[in-house]
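Quick notes on the structure that follows.
Protein chains: 2
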Amino acid sequence: MKEKLQHYISRYIQLDDSDFEHFYSLLQVDQFSKKEFLLEEGKISRNQFFILEGLVRTFYTDHNGNEKVIQFGIENWWVTDMDSFINQQVSMVTIQALEKTKVLSISKTKLDQAFLEIPKLERLFRIITEKSLVAQQRKSHFFMKASSKERYLGLIKAIPNFVQRVPQYMIASYLDITPEYLSDLRKKH
Amino acid sequence: MKEKLQHYISRYIQLDDSDFEHFYSLLQVDQFSKKEFLLEEGKISRNQFFILEGLVRTFYTDHNGNEKVIQFGIENWWVTDMDSFINQQVSMVTIQALEKTKVLSISKTKLDQAFLEIPKLERLFRIITEKSLVAQQRKSHFFMKASSKERYLGLIKAIPNFVQRVPQYMIASYLDITPEYLSDLRKKH
DNA sequence: CGTCTATTTGAATGTACTCAAAAGCGGTGG
DNA sequence: CCACCGCTTTTGAGTACATTCAAATAGACG
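So the protein sequences, as listed, match chains A and B. So the mapping is simple: my numbering equals the position in the first sequence, first residue as 1, plus 69. So the mapping is simple: my numbering equals the position in the second sequence, first residue as 1, plus 69.
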């Protein structure tokens with residue numbers, strides 16, 4: 070738990086034990102059972118979550134009342150609605166556990182405090198944010214570039230075992246196609 | 070020039086004059102004439118650019134040889150291909166000036182140096198990166214949510230005067246529709 | 001003024017959607 | 001342990017949105 074975070078951090082910056090302990094003391098361990106919400110649409114995202122184990126999805130509800138998945142989050146990922154978290158505005162999205170999920174969470178207030186008290190964290194979160202940005206851009210470009218069939222094949226190639234942990238209609242939603250059409254694609258290959 | 074950057078920075082962090090001068094000394098003023106490239110596909114993005122004046126587009130070339138615009142950049146924006154810049158990998162995109170464009174540029178090496186010598190810059194770039202991430206996400210979500218007609222209307226509403234500075238086929242490309250279909254949309258409203 | 005580039009028009013086509021219904025699957029209670 | 005219920009996936013028909021391709025028209029610039 071502690072070690073998982075420490076190991077994660079060590080991939081990006083060097084943080085001595087006392088700084089790490091200090092940071093860790095600002096975090097809180099939380100558990101969410103299947104279907105529970107980490108964040109709900111219409112509320113403000115007060116926390117950023119580091120996933121220790123489990124699986125979550127982020128989705129919004131469109132004007133027809135359909136839930137559209139925009140991201141999945143797994144072990145060793147930070148998740149939140151950045152727009153809501155940073156600007157402390159009402160969120161347009163919901164984050165929900167798809168499995169029993171254990172996280173470390175930190176509030177906006179405490180994170181801001183952490184930045185002041187442990188300057189090295191600025192670097193860590195700069196790097197994490199850069200990684201997120203790159204991931205987000207790669208996703209966008211792939212979606213623009215690829216046909217829906219290629220998107221599907223790309224996904225099962227990129228994270229094969231992950232597809233089995235998630236119902237197909239959520240995969241379809243993530244790929245931005247209807248479940249019916251995904252079913253078609255699967256049949257034809 | 071100097072003042073533009075200073076003013077921009079002051080929106081996010083407080084930086085004393087000596088730190089600012091130090092940072093500024095690592096920057097270089099560059100000018101690109103219309104159609105010139107700030108970055109070319111297949112090369113590594115060595116620099117990050119702060120646009121002082123002018124207009125650029127970022128695009129990639131798809132398998133049919135069509136150029137697909139993924140972003141425009143204007144005054145007071147930092148542009149680069151983050152994926153290529155951060156990981157110093159070959160870039161998949163090209164950045165081109167659409168007008169005579171004046172920028173401040175900083176190399177990866179110098180920016181890394183700057184982070185070590187002026188720790189406050191970590192915070193500045195963390196914040197800038199967060200802003201970019203949020204902008205990128207807003208764009209993605211809007212594109213997922215809205216129909217192509219809504220995307221067009223949204224664009225001309227968001228940045229009306231900007232549409233006139235850019236040929237229509239680039240707008241179409243940015244909206245991820247064909248120029249023919251955009252022409253249709255415009256006719257019908 | 002002529003040439004090159006950008007935009008519009010139109011017809012044929014394809015990709016993906018909607019809606020309705022059937023089939024499959026998994027968990028729960030009797 | 002089986003039967004049923006609810007949820008998920010598949011199937012199919014009809015349709016809409018957006019594309020391709022070719023050609024005509026308009027616009028910009030030297």
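Quick reminder that beta carbons are idealized off the backbone N, C-alpha and C, glycines included.
Give the secondary structure of K171/A by DSSP, where H, G and I count as helix, E and B as strand, and everything else as coil. strand
Is there at least one Cβ from chain A nearer than 9 Å to L180/B's Cβ? no
With burial defined as no fewer than 16 other Cβ atoms inside 10 Å of the residue's Cβ, what is the status of R255/A: buried or exposed? exposed
Of the residues D245/A, L107/A, T178/A, W146/A, the one placed nearest E136/A, counting alpha carbons only: D245/A
Taking the C-alpha atoms as reference points, what is the distance between Q237/A and I164/A? 18 Å
Residue from Y81/A, Q83/A, I120/A, G111/A whose Cα sits closest to the Cα of L96/A: I120/A
Can you say whether L108/A is buried or exposed, counting buried as having 16 or more other CB atoms within 10 angstroms of its CB? buried
Apply the 10 Å Cβ neighbour rule to Q158/A and answer buried if 16 or more other Cβ atoms are within range, or exposed otherwise. exposed
Complete runs of the alpha helix (DSSP H) confined to the stretch 168-246 of chain B [at least 4 residues]: 177-186, 189-214, 217-227, 229-232, 237-244
Would you decide whether F194/B is buried or exposed? Buried here means 16 or more other CB atoms lie within 10 Å of its CB. buried
Closest Cβ-Cβ distance between R220/B and chain A: below 9 Å? no
CB contact flag (K177/B, Q83/B, <9 Å): no
Residue interval of the beta strand (DSSP E) (run including Q158/A): Where Q158/A is concerned, there is no enclosing beta strand (DSSP E), given that its DSSP letter is neither H nor E.
Assess, as a yes-or-no matter, whether the stretch 123-133 of chain A is touched by the stretch 165-175 of chain A under the definition of 3 or more beta carbon pairs within less than 8 Å. yes
At a Cβ threshold of 9 Å, is Y129/A touching chain B? yes
Using 9 Å as the threshold, is the C-beta distance between E110/B and M161/B below it? yes
DSSP-derived helix/strand/coil call for Q83/A: coil
I need the straight-line Cα distance from K103/A to Y250/B, nearest angstrom please. 44 Å
Going by other Cβ atoms of all chains shown within 10 Å of its Cβ, with 16 needed for buried, is L185/B buried or exposed? exposed
State the Cα-Cα distance for the pair Q100/A and Y77/A, rounded to the nearest angstrom. 20 Å
Beta-carbon within less than 6 Å of N145/B's beta-carbon, same chain only, minus the 5 sequence neighbours each way: which residues are those? Y77
Does any C-beta atom of chain A lie closer than 9 Å to the C-beta of E199/B? yes
Select from the stretch 206-235 of chain A all residues with a C-beta closer than 7 Å to any C-beta belonging to chain B, and list them in chain order. Q206, R207, S209, H210, M213, K214
Near V235/B, which residues of its chain fall below 8 Å by C-beta distance, leaving aside the five closest residues on each side in sequence? L124, R126, F141, L167
Hey, would you say S114/B sits closer than 9 Å to S79/B, going by beta carbons? no
Using beta-carbon positions only, say whether R192/B and Y81/B come within less than 9 Å of one another. yes
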